[in-house]
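If you count by the working numbering, then the sequence shown holds residues 1477 to 1552, one letter each, in order. Beta carbons: idealized from backbone N, C-alpha and C, even for Gly. Below you'll find the structure, written out as structure tokens, and then a few comments.
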Amino acid sequence: MSKLEGRSKEDVYYDLISDLMSLKKSIKFLLELECEKLYTLKEKDLGNPHYSNNYKKCNERLHKLDNLTILIKSDE
């Protein structure tokens, strides 16, 4: 028997949204750790553009992840 049998589409949809939000929280946590590490490296070596660029990209990813959250919540 499939997990979907006997369940409404709405229940399945809300379970998927819940799973997606949990996954998003885990991804955000890992990205925040990465950004923190890159920020520390950037501060230690201010002249190295590699660290600054990677830190900037990391923050852009966090911003995109927050935008994804807004899109998911607005679709509920």
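Simplified DSSP assignment, three categories, for Asp1487: DSSP places Asp1487 in the helix class (H, G or I) of the three-state scheme.
Given this structure, state the Cα-to-Cα distance separating Glu1510 from Gly1482, to the nearest angstrom. The straight-line gap from Cα to Cα measures roughly 42 Å.
Just verifying my parser: in three-state terms, what is the DSSP assignment at Glu1481? Coil at Glu1481, not helix or strand.
Quick one: what does DSSP say Asn1524 is sitting in, helix, strand or coil? Of the three classes helix, strand and coil, the one that applies to Asn1524 here is coil, per DSSP.
Round the Cβ separation of Asp1521 and Tyr1515 to the nearest angstrom and send it over; I've been treating them as touching at under 8 Å. Here Asp1521 is actually not in contact with Tyr1515; their C-beta atoms are around 12 Å apart, not less than 8 Å.
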